[in-house]
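Residue numbers (UniProt numbering), protein chains in the order written: chain A, 1 to 316; chain B, 1 to 324.
Quick look at the structure:
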């Protein structure tokens with residue numbers, strides 16, 4: 001159902017198109033700003049197909065796309081989410097324009113994973129209403145959203161973003177400092193650093209590292225994160241193990257040569273036919289299908305723990 | 001014999017043509033319908049249009065595509081529908097009050113709401129509220145008018161723009177109460193309210209949904225509403241009419257129009273589904289979120305409303321003189 005509040009998503013690429021779906025499912029009027037005509041015109045049919053999958057087909061009527069931020073009416077816009085290309089100059093123009101056009105009480109958020117919000121809005125008026133709002137691909141399927149405060153973001157902005165995301169059926173987490181990688185990616189990279197260090201040192205193969213995660217502690221993460229898991233297992237046990245292990249864990253400050261060498265050799269993964277593993281178009285297709293269906297099944301497992309999408313309240 | 005054949009042939013052909021037209025109308029709509037919103041995406045008319053489009057689409061079991069055609073204060077989109085085939089497949093989400101006002105502006109839009117369109121039905125209306133900066137020493141409409149009367153030309157009123165219902169509503173009040181306030185036009189509601197909150201202007205009319213959050217947060221003071229009855233959105237607030245300016249009423253009306261010449265079977269069917277839509281609780285609730293009171297009714301009600309809006313605003317504009 002269409003309603004009072006308008007969400008403006010700047011950028012109609014993969015991320016922007018999916019973030020738009022998240023808002024539309026919750027009853028927002030969503031306007032995506034995408035300068036490229038071809039991409040803009042493709043959005044409608046993509047949205048219809050994706051929304052139909054979850055029974056939200058009617059919400060497609062509340063979505064549209066415009067070429068320029070100046071082309072839309074701003075009086076009802078409660079939130080702007082920047083999903084523009086990852087270039088600082090582009091993002092600064094988006095925020096300058098939004099700051100000029102939007103109501104004083106509208107929230108201006110950026111989905112950027114590369115630039116901290118403090119850097120994007122530096123020198124702009126009212127940085128207190130700006131925050132990071134970091135989705136994970138595909139944004140309309142992965143429930144986690146990081147609400148990232150800079151030193152200047154005020155509490156009200158962060159709280160309103162958390163509420164809006166919860167009402168949209170997402171799982172928001174509040175990150176109180178805009179460190180590189182925010183919250184989830186920092187932990188993901190901490191694990192990856194150790195994984196590649198083990199491969200580099202010849203202690204385990206890439207296959208065995210993958211198996212140790214997927215068939216060992218990895219699938220437990222669907223049931224409990226590291227803190228809750230320790231409550232299950234006992235903190236004393238974990239603390240003792242940590243004391244033994246931490247001294248030998250990787251503290252590398254550069255990416256592992258396992259990564260760097262492959263990047264230099266053009267072994268970038270499926271897109272170049274080889275990465276840690278070798279790929280053919282057939283094995284890529286089969287792997288993608290297996291991966292997608294495993295993710296869908298995983299989502300089903302956590303579905304009951306997700307917030308319900310709530311009817312839209314006035315988010316002005 | 002030849003004569004008979006020819007005549008019969010003619011009759012058959014005629015019958016076939018009539019049957020095709022009748023069938024086409026009975027089958028209406030057999031394809032996608034476009035509802036033109038003559039304002040930009042995200043604005044009030046756009047949001048109302050999308051609620052109406054969704055409701056109509058559900059009732060008609062057909063896709064209703066909303067097309068934004070902004071420009072020239074709504075006139076570009078209205079003209080586009082005026083010139084479209086009158087077959088029921090192109091409709092206008094009319095901002096009836098703004099269109100009526102535009103008909104009397106120096107740059108006439110090139111359409112006449114009364115003759116260039118068929119009515120489909122009213123959708124609803126949005127009331128205005130009279131609000132002041134919080135530190136203005138008035139508590140009600142009477143004291144505001146007394147203050148304005150004692151200090152002619154000293155109070156400044158903001159509006160969403162020259163020629164907007166918000167602007168002309170205040171001109172109407174000035175005439176009715178015989179007071180003088182100075183007009184400060186803004187580009188839209190948001191900057192006008194921002195300056196009222198900041199105390200740079202003293203008073204303004206704006207739509208109830210636009211002022212509501214600021215009234216509730218105490219950033220502005222509300223004195224009265226412009227609807228004929230008190231507003232459910234601002235409980236306890238008197239109407240301007242009941243607070244001393246008899247007969248005063250300003251609302252922003254919305255309704256669906258079709259190009260002149262659209263068959264009555266089509267407009268009548270659209271009126272029935274529009275009314276069915278406007279009685280659904282979820283549609284009423286969605287419109288309420290936008291501050292719109294749904295107004296189902298016969299097509300004649302829309303025609304009568306258009307007549308009265310045109311007459312009302314013509315009088316205001318003639319008295320107001322230059323629209324600055």
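Think of the CB as a built atom: it goes at the ideal place given N, C-alpha and C, for glycine as much as any other residue.
Under 7 Å between C-beta atoms, does residue 124(A) make it to chain B? No, its Cβ sits nowhere closer than 7 Å to a Cβ of chain B.
Anything in the segment 23-49 of chain B with a Cβ closer than 8 Å to a Cβ of chain A? List those residues in chain order, please. Under the 8 Å Cβ criterion, the segment 23-49 of chain B contributes 39, 40, 41, 42, 43, 44, 46, 47.
Considering Cα atoms alone, identify which of 149(A), 23(A), 181(A) is closest to residue 167(A). If you compare the alpha carbons of 149(A), 23(A), 181(A) with that of residue 167(A), the shortest gap goes to 23(A).
Give the secondary structure of residue 154(B) by DSSP, where H, G and I count as helix, E and B as strand, and everything else as coil. Coil at residue 154(B), not helix or strand.
Whether or not the segment 61-77 of chain B and the segment 34-41 of chain B are in contact is what I'm after, with contact meaning three or more pairs of Cβ atoms, one per stretch, closer than 8 Å; do they touch? Judged by pairs of C-beta atoms under 8 Å, the segment 34-41 of chain B touches the segment 61-77 of chain B, as three or more such pairs exist.
Interface partners of residue 61(B) on chain A, CB under 8 Å: Going along chain A, no residue has its Cβ under 8 Å from residue 61(B), so there is no contact; the nearest lies around 13 Å.
May I ask you to verify whether the segment 298-308 of chain B touches the segment 153-173 of chain B, counting CB pairs closer than 8 Å and requiring at least 3? No, the segment 298-308 of chain B does not touch the segment 153-173 of chain B.
Pull up the DSSP beta-bridge partners for residue 9(A), would you. Answer is 32(A), 81(A), bridged to residue 9(A).
Check whether the segment 57-65 of chain A and the segment 25-45 of chain A touch, using three or more Cβ-Cβ pairs below 8 Å as the test. Because the criterion of three Cβ pairs below 8 Å is met, the segment 57-65 of chain A and the segment 25-45 of chain A touch.
Are the C-beta atoms of residue 64(A) and some chain B residue less than 7 Å apart? Yes, contact with chain B.
Per the DSSP calculation, residue 67(B) is bridged to which residue(s)? Among the bridge pairs identified by DSSP, residue 67(B) is matched with 36(B).
Only counting the same chain, and skipping five residues up and downstream in sequence, which positions put a Cβ closer than 6 Å to that of residue 48(A)? Closer than 6 Å at the Cβ level, and outside the excluded window around residue 48(A), lie 60.
To which residues does DSSP link residue 206(B) through a beta bridge? Partner(s): 129(B).
Considering only C-alpha positions, which residue in the set 13(A), 39(A), 12(A), 54(A) is nearest to residue 26(A)? The option with the nearest alpha carbon to residue 26(A) is 54(A).
Please classify residue 246(A) as buried or exposed, where buried requires at least 16 other C-beta atoms within 10 Å of its C-beta. Exposed, because fewer than 16 other Cβ atoms sit within 10 Å of the Cβ of residue 246(A).
From what residue to what residue does the alpha helix (DSSP H) around residue 172(A) run? For residue 172(A), no alpha helix (DSSP H) run applies; the uninterrupted beta strand (DSSP E) run containing it begins and ends at 171-175, by DSSP.
Please list the partners that residue 104(A) has in chain B, where partner means a Cβ-to-Cβ separation under 8 Å. Among the residues of chain B, those whose CB is under 8 Å from the CB of residue 104(A) are 190, 194, following chain order.
Member of 232(B), 150(B), 241(B), 213(B) whose CA lies at the smallest distance from the CA of residue 179(B): Taking only the C-alpha atoms, the option nearest residue 179(B) is 150(B).
Any heavy atom of the ligand COA closer than 6 Å to the Cβ of residue 222(B)? Annotation note on the ligand COA: not contained in the displayed structure, which lists no ligands.
Looking at the C-beta of residue 294(A), does it have a partner C-beta in chain B at a distance below 7 Å? Not an interface residue.
Scan the segment 50-94 of chain A and note each continuous alpha helix (DSSP H) run of 4 residues or more that stays entirely inside, going in chain order. Counting whole runs of 4 or more residues, the segment 50-94 of chain A contains no alpha helix (DSSP H) stretch at all.
Using 7 Å as the limit for Cβ to Cβ distance, is residue 315(B) near chain A? Judged by the 7 Å Cβ criterion, residue 315(B) is not in contact with chain A.
Could you pull out every residue in the same chain whose Cβ sits closer than 8 Å to the Cβ of residue 137(A), ignoring the five residues on either side in sequence? If we look at residue 137(A) and ignore the five residues flanking it on each side, its Cβ neighbours are 14, 15, 18.
Any idea what DSSP makes of residue 107(A), helix, strand or coil? DSSP places residue 107(A) in strand when its eight states are reduced to three.
Which of helix, strand or coil DSSP assigns to residue 221(B): Correct three-state label for residue 221(B): strand.
Residues of the segment 136-154 of chain A in Cβ contact with chain B at a cutoff of 7 Å, in chain order, please. So nothing in the stretch comes that close.
Nearest by alpha-carbon distance to residue 110(B): which of 82(B), 87(B), 65(B), 134(B) is it? The closest CA to that of residue 110(B), considering only 82(B), 87(B), 65(B), 134(B), is found on 82(B).
Would you say residue 53(B) lies against chain A (beta-carbon separation less than 7 Å)? Contact with chain A is found for residue 53(B), since one of that chain's Cβ atoms lies less than 7 Å from the residue's Cβ.
Please go through the same chain and pick out, in chain order, the residues whose beta-carbon is closer than 6 Å to the beta-carbon of residue 22(B), but skip the five residues on each side of it. Reliability of the predicted coordinates at residue 22(B) is poor, the pLDDT of 49 falling under 50, and no value is obtained from them.
Residue 130(A): buried (16+ other C-beta within 10 angstroms of its C-beta) or exposed? Classification for residue 130(A): buried.
Leaving out the 5 sequence neighbours to the left and right, which residues in its chain are closer than 8 Å to residue 260(B) when beta-carbon positions are compared? Excluding residues within five positions, the ones whose Cβ falls inside 8 Å are 82, 86, 115, 116, 117, 118.
Tell me the DSSP secondary structure of residue 23(A) in three-state form. When DSSP states are grouped into helix, strand and coil, residue 23(A) belongs to the helix group.
Using Cβ-Cβ distances below 9 Å, what residues of the segment 108-119 of chain A are close to chain B? The segment 108-119 of chain A vs chain B, Cβ under 9 Å: nothing.
Please state the DSSP three-state secondary structure of residue 325(B). Because chain B in this structure spans residues 1 to 324, residue 325(B) falls outside the shown range and cannot be described.
Between the segment 16-43 of chain A and chain B, which residues of the former have CB atoms less than 7 Å from a CB of the latter, in chain order? Along the segment 16-43 of chain A, going in chain order, the ones with a CB nearer than 7 Å to a CB of chain B are 29, 31.
Closest Cα partner of residue 82(A) within the set 76(A), 71(A), 75(A), 99(A): Checking every option, the nearest Cα to that of residue 82(A) belongs to 99(A).
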